[in-house]
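Only one structure is covered here, and it is reproduced in the block below.
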Amino acid sequence: MDYRPEVISRLTDLWEGRNTELLKGSPEIFDRFRPEAFDEFLRLGIPDRKNEAYKYTNLEKSFSYKYEKYFSPKPDDFRQAEKFHCEVEDLDVWNMVLLNGFFPRGDEGLAMLPGGIWVGSMRAAAKQFPSLVEKHYNKYARNENDGLVPLNTALATDGLFLYAPKGTVNTKPIQIVNLLQSTQDIFAQDRNLVVVEDGAQMSLLVCDHAISPQHYLTNTVTEVYVGRNSRFEIIRVQNQHNDSGKVTHTFIHQERDSYASSNNVTLHGGLVRNATWHSLNGENAETHSYGLFLADKHQHVANFVKVDHVFPNCNSTQLFKGVLDDNASGAFNGRIMVHKDAQKTNAFQSSNSIILSDTARMDTKPQLEIYADDVKCSHGATVGQLDENALFYLRSRGIDAREAKLMLMFGFAHDVIKNIPIEALRERIDNLVLQRLRGELSRCASCAIQCN
Amino acid sequence: MQTEFLIQIKDLKASIDNKEILKGLNLEVKPGEIHAIMGPNGSGKSTLANVLTGREIATVTAGTVTFEGKNLLEMSPEERAREGIFLSFQYPIEIPGVSMVNFMKTAINEQRKHRGLEPLSASDFLRLMREKKELVEIDSALTNRSVNEGFSGGEKKKNEIFQMAMLEPRLALLDETDSGLDIDALRIVANGVNKIRRPDTSVIVITHYQRLLDYIVPDYVHVLYDGRIVKSGGPELALELEERGYDWIKKEADVTEETWTTDRK
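Given below as structure tokens:
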């Protein structure tokens, strides 16, 4: 039976009762786009497997659940989050904690980090930088038949705002620790905006942690503007639990001579789908999309990537890897679109997965659409087991079979991790991946919150 | 059980996909001896290396292999390695993402654990690496990389010898270690073997050609043909093979086989 009509009617109730909860304090610009977005959501619905982009991903388990709470947390909810402190040794960052996708003290003003980068809630941003928000909000998000994007536009109340004005450089990476913590089952929708103006640089690390065992579903939309000659890096570490669902839509819009990279490391989560859109809107832009996931039990992890080459002389790479065990399933759907005028494009895509059990499953769908004639594009996808020759090689040096397998899986994963631009973080993620591969709960060693 | 042999192979038979490759092979090696096994393509040389190191490609159907008094065939590949058997691969495997340092540290410490020793400290390990690197003249640029990744043919072979130096085996099997090496690389690799060999280290050199034996001088040379050792001799046999090829050996062996079967009738 189709679970969706009931969920849609539940969401419609929320929408109709919006005056009480939804509009309270949320930015006026959010409200302006809501009615049209909700209609769009009703038209498109919740994507099912008939939708090409969701062909291998079944959202039912996460979306059919009856959540108790849908809107942003109240100030009291932040008490636990305030206590949270992440100490990654040698990782020198500006650290901020979000709760269920929301900025504590959202109504307070934005903070300026040394180097001149502004950070805070969207609510505060709409008051402090109205014309900037006006210029970028909801300009890069596209739905392309995905009803979850307009659903976010219709119902999101707040989110994170990051702004690097012209020429500013963040002196340290910014770390956002996003805690999922509640006594209620939550469906949260956060809406984030990152603006990196011409000649600016920003490096962002987002860690998602579920720290209480409730059911969670997050439908996140993040819009990123990367101006001329600027640089933006985002690394996401997703470490949640089997009852949490996470759907992210990240739209990276790049101007000429800019550089962007996205790295999604999915260590744990019941259902995770990361959609990353890279749009190259000027010459000499470069963009990279990386992803690594480790899935076991009944987890599902999907990566959807689309790179749009609109202008000539741009470079892009996609590298996605996964290790699947037990009954886990994974999907990779990667598209490269080279428009008519995008001559001298270099675009590469590769997806490799290792399947450890007979019951795990991986589906890959690489797609190239090329309308220019002077381009270099390639794509490749492999799904396989561990290399028996390599395994024997390690064992022939005295390393036992179990450890040898671990080393190979780790080596396989490291190929993605090595692209993470912050060294201390690379090491930390290496360790987390190793712990996860060993079957331990991966947790930062110095984490103050010992959750299970 | 004390035995004068380091390894004793008796009437060894092994098949791959039900095809018998080794057809009753006998070989005994004492500590410190160097044996060369030569033979034409398809005679079973690589299968012998596989069987001795426990690779499951070949199935042993008969015979025994005793290593230092223990039944070698019962051991897993990793146990054999910890007992002191080392194979220098004909085609070393590239393993992206696994660093040489981590690989060697894990291997050394597994071996130490097997011998009831504590793991090496980080500084002792690095000292050992440095020492052995110099011994086999391998570039640090290589040992700082992933295992064999992007190495040239010669570098891979050198890396095998470096691993041998690190692990100090009791018995080293060199499987076509000379293949793909130019003469300078061959000399470095062969000298490496000679330098790291202790007086009681035994070596079995599996090779097509005599040239490696100019550097690693064998005590005995055996000719493997059609799954059996059909002729044994001293180093001079290798020279004779180089000169005359294998055809005369094949003829001799085939005649013996014929006579033998006729006799039986």
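Quick mapping for you: the protein sequence lines, in order, are chains A and B.
Just so we're aligned, residue 1 is where the first sequence starts under the numbering used here, counting upward by one.
Just so we're aligned, residue 1001 is where the second sequence starts under the numbering used here, counting upward by one.
Quick reminder that beta carbons are idealized off the backbone N, C-alpha and C, glycines included.
- Cα atoms of Asn170 (chain A) and Arg10 (chain A): separation of roughly 43 Å, rounded to the nearest angstrom.
- Val1147 (chain B) is classed as buried because its beta carbon has at least 16 other beta carbons within 10 Å across all chains shown.
- The Cβ-Cβ distance between Glu286 (chain A) and Asn313 (chain A) does not fall below 7 Å.
- For Gln1163 (chain B), the chain A residues whose Cβ falls inside 7 Å of its Cβ are Arg397, in order along the chain.
- For Glu1020 (chain B), the enclosing beta strand (DSSP E) begins and ends at Lys1019 to Val1029.
- For Leu408 (chain A), the C-beta contacts it makes with chain B under 9 Å involve Ile1095, Gly1097 and Val1098, in order along the chain.
- The straight-line gap separating the alpha-carbon atoms of Leu99 (chain A) and Ile354 (chain A) is approximately 34 Å.
- Listed in chain order, the positions of the stretch 368-394 of chain A with a beta carbon within less than 8 Å of a beta carbon of chain B are Asp387, Asn389, Ala390, Phe392, Tyr393 and Leu394.
- Residue contact with chain A for Ala1172 (chain B): absent (no Cβ-Cβ distance below 7 Å to any residue of chain A).
- Taking 7 Å as the CB threshold, Asp430 (chain A) stays off the interface with chain B.
- For the pair Gly1024 (chain B) and Gly1227 (chain B), the Cα-to-Cα distance works out to about 7 Å.
- DSSP links Asp190 (chain A) through a beta bridge to A:Asp158.
- Contact annotation for Asp415 (chain A) against chain B: Pro1096 and Gly1097 [CB-CB distance below 9 Å, chain order].
- Taking 9 Å as the cut-off between beta carbons, none of the residues of the stretch 1007-1023 of chain B comes near chain A.
- At least one beta carbon of chain B lies nearer than 7 Å to the beta carbon of Gly411 (chain A).
- Cβ neighbours of Leu1239 (chain B) within its own chain (closer than 8 Å, five residues either side excluded): Gln1210.
- By the neighbour-count criterion, in which 16 or more other beta carbons inside 10 Å mark a residue as buried, Asp1139 (chain B) falls on the exposed side.
- In the three-state reduction of the DSSP assignment, Ala342 (chain A) falls in the coil class, being assigned neither a helical nor a strand state.
- Taking C-alpha positions only, Leu193 (chain A) is separated from Phe251 (chain A) by approximately 10 Å.
- Sequence-distant partners of Gln201 (chain A) (beyond 5 residues in either direction) whose C-beta falls short of 8 Å from its own C-beta, in its chain, are Ala164, Thr168, Val169, Asn170, Ser230, Arg231 and Phe232.
- B:Leu1052 is the residue among B:Glu1137, B:Glu1078 and B:Leu1052 whose C-alpha sits nearest the C-alpha of Phe1067 (chain B).
- Classified as buried, Tyr1225 (chain B) has 16 or more neighbouring CB atoms from the shown chains inside 10 Å of its CB.
- In the displayed model, Arg1115 (chain B) falls within coil according to three-state DSSP, outside both helix and strand.
- The beta carbon of His249 (chain A) sits closer than 6 Å to those of Val149, Val221 and Ala275, all from its chain and outside the five residues before and after it, given in chain order.
- Beta-bridge analysis with DSSP links Asn95 (chain A) to A:Gln175.
- Taking Asn281 (chain A) as the centre and dropping the five residues before and after it, the same chain places the C-beta of His253, Gln254, Glu255, Val310 and Phe311 closer than 7 Å to its C-beta, in chain order.
- Going by DSSP, Pro1235 (chain B) is part of no beta strand (DSSP E) but of the alpha helix (DSSP H) stretching over Pro1235 to Arg1244.
- Here the stretch 1172-1186 of chain B lies against the stretch 1156-1164 of chain B, with 3 or more beta-carbon pairs under 8 Å apart.
- Comparing alpha-carbon positions, the option among A:Leu160, A:Val265, A:Glu134 and A:Arg43 lying closest to Gly120 (chain A) turns out to be A:Leu160.
- Taking Ser1043 (chain B) as reference, the option from B:Val1255, B:Ile1206, B:Glu1236 and B:Gln1008 with the minimal CA-CA separation is B:Ile1206.
- Taking 7 Å as the upper bound on Cβ-Cβ separation, chain A lies near no residue of the stretch 1180-1212 of chain B.
- Distance from Leu271 (chain A) to His300 (chain A) at the Cβ level is roughly 5 Å; contact confirmed, criterion being Cβ atoms closer than 8 Å.
- The contact set of Ala401 (chain A) on chain B, defined by CB atoms closer than 8 Å, consists of Ser1076 and Glu1078 in chain order.
- Residue A:Val97 holds the alpha-carbon nearest to the alpha-carbon of Ala210 (chain A) among A:Val305, A:Phe392 and A:Val97.
- In this structure the stretch 1167-1176 of chain B does not touch the stretch 1113-1125 of chain B; the number of beta carbon pairs closer than 8 Å is below three.
- Interface with chain A (7 Å Cβ-Cβ cutoff): Glu1176 (chain B) is excluded.
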